[in-house]
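Numbering (this note's numbering), first residue to last: 253 to 500.
Beta carbons: idealized from backbone N, C-alpha and C, even for Gly.
Note that the coordinates shown come from a computational prediction; the quantities given were computed from them, not determined experimentally.
The structure appears right after this line, and notes come after that.
As structure tokens, this is what we get:
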């Protein structure tokens with residue numbers, strides 16, 4: 253016979269895995285372009301589930317509690333590399349892990365089911381709204397060389413989005429900073445924008461000053477490199493490829 257505690261753990265873990273699977277299926281259009289995000293969500297969810305279950309069901313001494321607090325205090329995510337949609341998925345994955353770690357011993361099975369369904373349904377509605385205006389499209393990743401460092405400061409995300417949209421003519425969904433070169437006063441940004449299934453995107457939109465893509469990536473992902481610097485700053489570099497950060 254399976255002990256009640258073990259049965260509760262297995263039931264909570266099963267519900268957690270099912271909810272995470274549905275979550276990733278809902279967000280597959282976003283995660284398909286960034287498989288590392290899918291890997292991160294799965295690992296973090298399972299690890300947080302285990303830690304939360306342990307802290308809820310094991311009596312910890314004061315020293316151990318402070319040790320865990322210090323451990324989480326020195327760990328942090330580089331949220332600057334995650335867009336709004338990815339951060340929403342990360343928060344949902346953490347929430348599912350914490351809620352399901354309580355198991356039937358903390359909440360009834362009905363309560364657990366309702367909470368999990370609410371989180372997953374909220375994400376489903378959110379992603380439906382996000383992609384409804386782009387029916388028949390998929391997200392495409394474009395790397396741009398950007399020359400307005402003043403818009404990279406905190407609190408200027410919307411201004412940055414508006415400037416990128418104006419200068420590229422693309423309907424930008426997410427963007428993040430890949431690197432900054434102070435010697436040239438430029439930054440490398442990664443933006444995602446919808447393209448139709450045939451690969452065309454905003455064909456009548458004003459394309460940026462310089463484009464070298466699409467590029468072949470090791471993971472099969474197709475990207476385009478665009479330089480948004482003024483023509484006078486290109487120094488006759490039209491037609492040449494711009495260097496990339498191999499670690500991005």
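Sequence-distant residues of its chain with Cβ nearer than 7 Å to residue i (five each side left out)
i: residue 294; result: 272
i: residue 344; result: 275, 371, 375
Coil, strand or helix - residue i by DSSP
i: residue 360; result: coil
i: residue 433; result: strand
i: residue 337; result: helix
i: residue 400; result: coil
i: residue 441; result: strand
i: residue 255; result: coil
i: residue 393; result: strand
i: residue 366; result: helix
i: residue 425; result: coil
i: residue 447; result: strand
Same chain, Cβ closer than 6 Å to residue i, neighbours up to 5 away in sequence not counted
i: residue 350; result: 304
Exposure of residue i, with buried meaning 16 or more beta-carbon neighbours within 10 Å
i: residue 392; result: buried
i: residue 414; result: exposed
i: residue 338; result: buried
i: residue 426; result: buried
i: residue 407; result: exposed
i: residue 395; result: buried
i: residue 455; result: Bear in mind that the predicted position of residue 455 carries a pLDDT of just 47, short of 50, making it unreliable; the figure below should be weighed with that in mind. That one is exposed.
i: residue 431; result: exposed
i: residue 261; result: buried
i: residue 452; result: Residue confidence for residue 452 is low, a pLDDT of 46 falling below 50, so the modelled location carries little weight; the figure read from the coordinates is stated next. So residue 452 ends up on the exposed side.
Beta-carbon proximity list for residue i, same chain, < 8 Å, skipping 5 on both sides
i: residue 376; result: 278
Assumed close pair residue i, residue j - CB separation to whole angstroms, cut-off 8 Å
i: residue 346; j: residue 299; result: About 10 Å; that fails the 8 Å criterion.
i: residue 292; j: residue 276; result: Not a contact, Cβ separation roughly 11 Å.
i: residue 416; j: residue 424; result: 6 Å
Cβ of residue i within 8 Å of any chain C Cβ
i: residue 265; result: In the structure shown, chain C does not exist; there is a single protein chain.
Closest by C-alpha distance to residue i, when choosing among the options
i: residue 373; options: 354, 411, 348, 355; result: 348
i: residue 259; options: 344, 340, 354, 297; result: 354
i: residue 436; options: 344, 307, 399; result: 399
i: residue 397; options: 341, 286, 419, 446; result: 419
i: residue 266; options: 361, 443, 343; result: 361
i: residue 422; options: 411, 405, 433, 444; result: 444
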